[in-house]
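One structure below.
Chains as they are written, first to last, in the numbering used here: chain W, 6 to 107; chain A, 21 to 526.
Given below as C-alpha cells:
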C-alpha cells in the first residue's frame, strides 16, 4: 500500500503513529509531513520515514514491539493517504498482528 | 422505521446529485455490524463543484447580502423543522453513530434546534457596523468598522455527534451570511445530508449549503487546500488538526479547530459523593466515552481514595448496555470495529503499565447485538499521570483514577497534558472550586457537573486542544472578517497631516 501511494504522490512519505479523538490512535501516512512538537523520528527509511507522535510515548518501554497492519474496505476520514483506496493503517501489538479486522 | 437499505446521494447546489465517480460506500450500524445505508462517495470533482456553487451564491449576494432579519427568519424556520423531523433524525443518527435514542432524542435534537435559534437571535443583535469616535488629530475623520462574512466555509464534521457538530458550524456560518461546504464523517453522513435539504427547503438559496461525504485523503485534502475556500472549521484529532493547519497554510485560511482532550476532574475532599460519583461516571461514559471533552482522568484525594474507587465500580455496574434503538439502553457501542480495537488496545496498555482494573476491561457481548462493537465501562485505579491511559485520548469508556496528596499537586498533574479542552471540580465549597478552576488550563470548567454546554457559551480548547471557539457570540467572530473604513474629512491639502511626511517642498 505504501508503494501504491508513493506512485501517486511525489512528496516524501511519512508514517506517523499518532492520533486520538475521532480518527483513533493509528499510523497516519502523510506526504511532506511537518512534525509537531514532541514527534520523534524512530526510523529513517525509503520510501517512508516512521515517526511517533503520542503524548504518552515517553512511557513506552524500549522493548515494545508494534506492528503496522492494514485494514481493507474501510472508508475513513483520517486524511491518511491510504484512505483513497478505502484502507486504513492500524497499530497492533505483535501478538495480535494478522487478526482479521473487517 | 423501515429496515430497507437506505440510499443517499450527495447534496450539492440545492439538489441531490450522484457522485461523479459512481462509487458508493456503506454505512454500518455499530450495534449490529449490518449495513443500513449506501451513500455516494464524493470525490475531488464533487468537492470542486460544491465549492464553486458555494462561491457563486456568496458572490451573488442572495444570502450574504440579505438583511440580517431575513436570515434570522430562515434560521428560526430551520430550528422548527429540525424539531418537526426529530423522529427521522433520531433514527438516522442512532443507526449510524450508535448513540442511544434516549440521548439523541432528549439532547442532540433539541440542542441542534437550539443552536439555530440562538444563532438566529445573535444574527439579529450582531453589531455589523461599529462607529469609532471622531478624532481631533490628525483628523477630523469618520471611522467605522464593518463586520462582513468570510465567504466559503468548509466544515469537517466528526462521527460522534454528527448532527450537532454540523449544526455548531453551519448555524453561525449561515447567520453571518457565509456559504458552507460540509464534509461529514464517512461513518455518519446521513443526518448532515438531511439537514442540508431541510435548510434549503427553509429558504437558504441553493448552493449556500452543500454536503459531500468522501474519504479524508482526497475529498478532505482538496476541501482544506481549495483556493476558493476561505475558512475551515474542523472537529477531530490533534494530529489531523495539525495536518489541516499545514494544508491550509498554503492559502492562509482562517481556522477553527476543535481537537482532542484528556480532561481532568479533581475531586476535592469535601465533594458530595452522592453527586460526584454518578457525575464522574457520566463524564466518561456518555456516548461510550466518544466525546472530546469526556472526563477521562479523575484525581482523588488520599482521604477518599479507597471509598471512591469502590463506589465508582459499584455504580458503573448499573449501566445497561444494549441496542441503542431501545429506549431502555443506557450505553451503546463504540462507532466501528477500528475504534473497538483501539479502545481494547489501550485497555491492554493500561494493564501492561501497571494500572489496576477495577471494573470492565473487555469487549461486551450484548444479547440481540452479538456482532456489535460494545465495550464494558472500564475503570483503572492506581493509574499515574505518565501512563499512556492518562496521557493519550482513548475515545472509549475508560477512566484513569489517579491519587493525589494535596490540591496543588492535583492541579499540576491536571494541567500536565498537551490538551486543555475541559476540566471539572467536585466540591461543596464553590469558592474553593472557583480557586481551583482559575488555575486549570482548559476552555470549559465544570463545577459539580459535566458535559453541560449551552449554545450561548463559547466552547473550545487551550493548548493543543484547538484554536478558536464554537458556540456563544464568540463563534460569530470566527465567521466574520473585520474591515476598518476611514473617510478623511480634512478639506484642504495643506491641512492633510501626511503632506509633511513625504513632501518636504510642500
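Beta carbons are placed, not taken as given, at the ideal position from N, Cα and C, and that holds for glycine.
C-alpha gap between residue i and residue j, whole angstroms
i	j	result
residue 106/W	residue 439/A	Per-residue confidence for residue 106/W stands at a pLDDT of 31, beneath the threshold of 50, marking its modelled position as unreliable; the derived number appears in the next sentence. Taking the straight line joining both Cα atoms gives about 30 Å.
residue 103/W	residue 175/A	Summary for residue 103/W: the model assigns pLDDT 42, below 50, so the residue's position carries little reliability; its value from the coordinates is reported in the next sentence. Cα to Cα, the separation comes out at about 36 Å.
residue 67/A	residue 263/A	19 Å
residue 166/A	residue 507/A	13 Å
residue 417/A	residue 154/A	58 Å
residue 258/A	residue 312/A	11 Å
residue 172/A	residue 30/W	31 Å
residue 40/A	residue 140/A	35 Å
residue 99/A	residue 223/A	13 Å
residue 105/A	residue 194/A	21 Å
residue 38/W	residue 44/W	11 Å
residue 42/W	residue 19/W	16 Å
residue 268/A	residue 119/A	32 Å
residue 329/A	residue 501/A	50 Å
residue 254/A	residue 518/A	45 Å
residue 513/A	residue 85/A	36 Å
residue 177/A	residue 334/A	36 Å
residue 381/A	residue 342/A	17 Å
residue 301/A	residue 326/A	16 Å
residue 63/A	residue 77/A	21 Å
residue 8/W	residue 52/W	7 Å
residue 70/W	residue 54/W	17 Å
residue 180/A	residue 96/A	25 Å
Interface flag, residue i vs chain W, CB-CB below 7 Å
i	result
residue 438/A	yes
residue 413/A	yes
residue 262/A	yes
residue 179/A	yes
residue 266/A	yes
residue 45/A	yes
residue 312/A	yes
residue 38/A	no
residue 50/A	no
residue 408/A	yes
residue 362/A	yes
Residue j beta carbon less than 7 Å from that of residue i
i	j	result
residue 320/A	residue 251/A	no
residue 143/A	residue 91/A	yes
residue 8/A	residue 227/A	The shown model of chain A, from 21 to 526, leaves out residue 8/A, and the question about it has no answer.
residue 21/W	residue 86/W	no
residue 243/A	residue 203/A	yes
residue 125/A	residue 110/A	yes
residue 317/A	residue 410/A	yes
residue 26/W	residue 280/A	yes
residue 208/A	residue 233/A	no
residue 292/A	residue 452/A	no
residue 432/A	residue 282/A	no
residue 286/A	residue 445/A	yes
residue 78/W	residue 91/W	yes
residue 395/A	residue 354/A	yes
residue 462/A	residue 443/A	yes
residue 16/W	residue 58/W	no
residue 415/A	residue 310/A	yes
residue 96/W	residue 40/W	no
residue 101/A	residue 58/A	no
Cβ separation of residue i and residue j, assumed to be a contact under 8 Å, to the nearest whole Å
i	j	result
residue 7/A	residue 135/A	Since the first and last residues shown for chain A are 21 and 526, residue 7/A lies out of range.
residue 345/A	residue 121/A	6 Å
residue 196/A	residue 491/A	No, residue 196/A and residue 491/A are not in contact; Cβ-Cβ is about 14 Å, not under 8 Å.
residue 81/W	residue 392/A	The pair is not a contact, with the Cβ atoms about 19 Å apart (cut-off 8 Å).
residue 9/A	residue 230/A	A query on residue 9/A cannot be resolved here, the shown segment of chain A reaching from 21 to 526 and no further.
Beta carbon proximity, residue i to chain A, threshold 7 Å
i	result
residue 59/W	yes
residue 80/W	yes
residue 89/W	yes
residue 106/W	For residue 106/W, the predicted model reports a pLDDT of 31, less than 50, meaning its position is unreliable; a value from the coordinates is still stated below. Yes - at least one Cβ of chain A is within 7 Å of the one on residue 106/W.
residue 39/W	yes
residue 19/W	no
residue 6/W	no
Cβ of residue i within 7 Å of any chain C Cβ
i	result
residue 353/A	Absence of chain C from the displayed structure is noted, the protein chains being W and A.
- Inside the stretch 304 to 382 of chain A only - beta strand (DSSP E) runs reaching at least 3 residues: 315 to 321 and 376 to 379
- Message: At 3 residues or longer, what runs of the beta strand (DSSP E) sit wholly inside the stretch 138 to 191 of chain A?
- Response: 149 to 151, 161 to 169 and 172 to 176
- At which residue ranges does the stretch 424 to 486 of chain A contain complete alpha helix (DSSP H) runs of 4 or more residues, listed in the order of the chain? 427 to 435 and 450 to 459
- Within the stretch 85 to 112 of chain A, note down every full alpha helix (DSSP H) run reaching 4 residues or more, in order along the chain. 88 to 104
- Unbroken stretches of the beta strand (DSSP E), 3 residues or longer, contained in the stretch 36 to 75 of chain A: 44 to 49 and 54 to 60
- Identify every run of the beta strand (DSSP E) within the stretch 204 to 280 of chain A, keeping only runs that are complete inside it and at least 3 residues long; order them along the chain. Complete beta strand (DSSP E) runs here, min 3: 229 to 231, 251 to 255 and 274 to 278.
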